[in-house]
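With this note's numbering applied, the sequence shown covers 445 to 684.
Where a beta carbon is used, it is the ideal one built from N, C-alpha and C, also for glycine.
First up is the structure itself, then whatever we jot down about it.
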Amino acid sequence: MLQKTKGIALKITNYSENSIIAQIFTESFGIQSYIINGAKKPTAKIHVNMLQPLHLLDMVVYHKDNGAIQRIKEATPSPTLQEIPLDITKSSVAIFLNEILYKVLKQQQPDPHLFNFIEQSILWLDQTDKPIQNFHLCFLMKLSRFLGYMPTASAKPLAYFDLVDGVFTNFAPAHTYTLQEPHTDMFHVILNISYEESHTIQMKHEDRIYLLSQIINFYKLHTENFGSVNSLQILEEIFH
């Protein structure tokens with residue numbers, strides 16, 4: 445049955461010499477796998493370049509509810525990303541976010557609010573002319589709200605943040621998955637700031653790396669089979 449839906453490209457896997465299987469987070473059907481024949485051919489109607497990480501799509505698909513690999517009838521960029529494919533800093537951030545999203549959306553059911561959040565975040569990253577060195581930190585914590593483990597808010601940062609329970613506390617937890625001052629202060633700001641203001645967060649390179657590693661630990665604690673993040677090193681080099 446033909447259906448229209450928006451999509452966000454996450455991963456492509458080679459299927460044959462010219463064909464691929466694309467995993468796409470769709471607005472209407474959640475995560476879906478689509479076989480696209482001839483996608484590597486120069487004359488392809490749906491070319492592999494259209495399916496690079498986090499590219500946004502309008503699609504007409506043949507949808508079956510049996511969970512099998514689906515097919516796409518039509519796909520067009522919506523809109524065409526202008527800077528992410530060409531700007532090394534933005535493309536590096538996109539590769540990192542794409543890796544995280546692929547891990548946490550593996551079994552994702554349809555969620556229009558989550559889809560809209562990711563779509564608007566990608567568009568902001570593509571279009572902004574502001575520094576983006578803290579964008580990925582803010583994105584991860586805003587995303588956690590949709591995944592069900594957003595940290596419990598507090599009016600002001602307390603001495604510790606317990607990564608296991610997701611709460612600020614004045615008492616050190618009895619485990620090592622803990623943030624403490626001054627990083628609790630920085631983390632509290634990240635939780636509450638907009639993308640537009642994220643560049644105003646003042647922190648040293650080593651603090652940013654440390655906070656990102658702890659946020660990833662937070663994800664690992666709350667996401668089954670999260671695994672390692674291969675694109676971390678790229679970000680560390682880009683924002684050095």
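Asked	Found
Given 8 Å, three or more beta-carbon pairs between the stretch 621-634 and the stretch 646-659	yes
Those residues which DSSP pairs with P521 across a bridge	L501
Option in F662, L567, P523, H580 with minimal Cα separation from L591	F662
Simplified DSSP assignment, three categories, for N493	helix
In chain order, each alpha helix (DSSP H) run of at least 4 residues that lies wholly inside the stretch 503-568	532-548
Proximity winner among A483, L454, S463, Y546, relative to F670 (alpha-carbon distances)	Y546
Proximal residues to L541 (C-beta, below 7 Å), its chain only, five neighbours per side dropped	L498, H580, F583
Separation of D629 from A516, as counted between CA atoms	Residue 516 is actually Ile in this sequence, not Ala. Those two C-alpha atoms are separated by around 47 Å.
Alpha-carbon to alpha-carbon, F473 and H557	13 Å
Spatially closest choice to H491 from A453, F469, K508, by CA coordinates	A453
Assigned secondary structure, F615 (DSSP; H/G/I helix, E/B strand, else coil)	coil
Same chain only: Cβ atoms within 6 Å of I528, ignoring 5 sequence neighbours per side	K534, S535, A538, D570
Segment limits, beta strand (DSSP E) that includes Y478	474-480
D651 versus F683: straight-line alpha-carbon distance, rounded	12 Å
Residue closest to M585, alpha-carbon to alpha-carbon, out of I513, K450, K489, L607	L607
Helix, strand or coil at Q571 according to DSSP, with G and I counted as helix	helix
For P575, the nearest candidate out of T644, K455, L495, E461 (CA to CA)	T644
Whether S444 touches I480 by CB criterion (8 Å)	The requested residue 444 does not occur in the structure, where the chain is confined to residues 445 to 684.
Boundaries (first-last residue) of the beta strand (DSSP E) holding Q467	464-470
Test item: CB-CB of S522 and D502 under 8 Å	yes
Whole-Å CB distance - Q447 paired with H507, under 8 Å assumed	5 Å
For L604, the residue or residues it bridges with in DSSP	For the record, residue 604 in the displayed sequence is Tyr; it is not Leu. Its beta-bridge partners are T613, Q624.
Residue from K455, I456, K450 with nearest C-alpha to E471	K450
Per-residue DSSP class, three states only, for N458	strand
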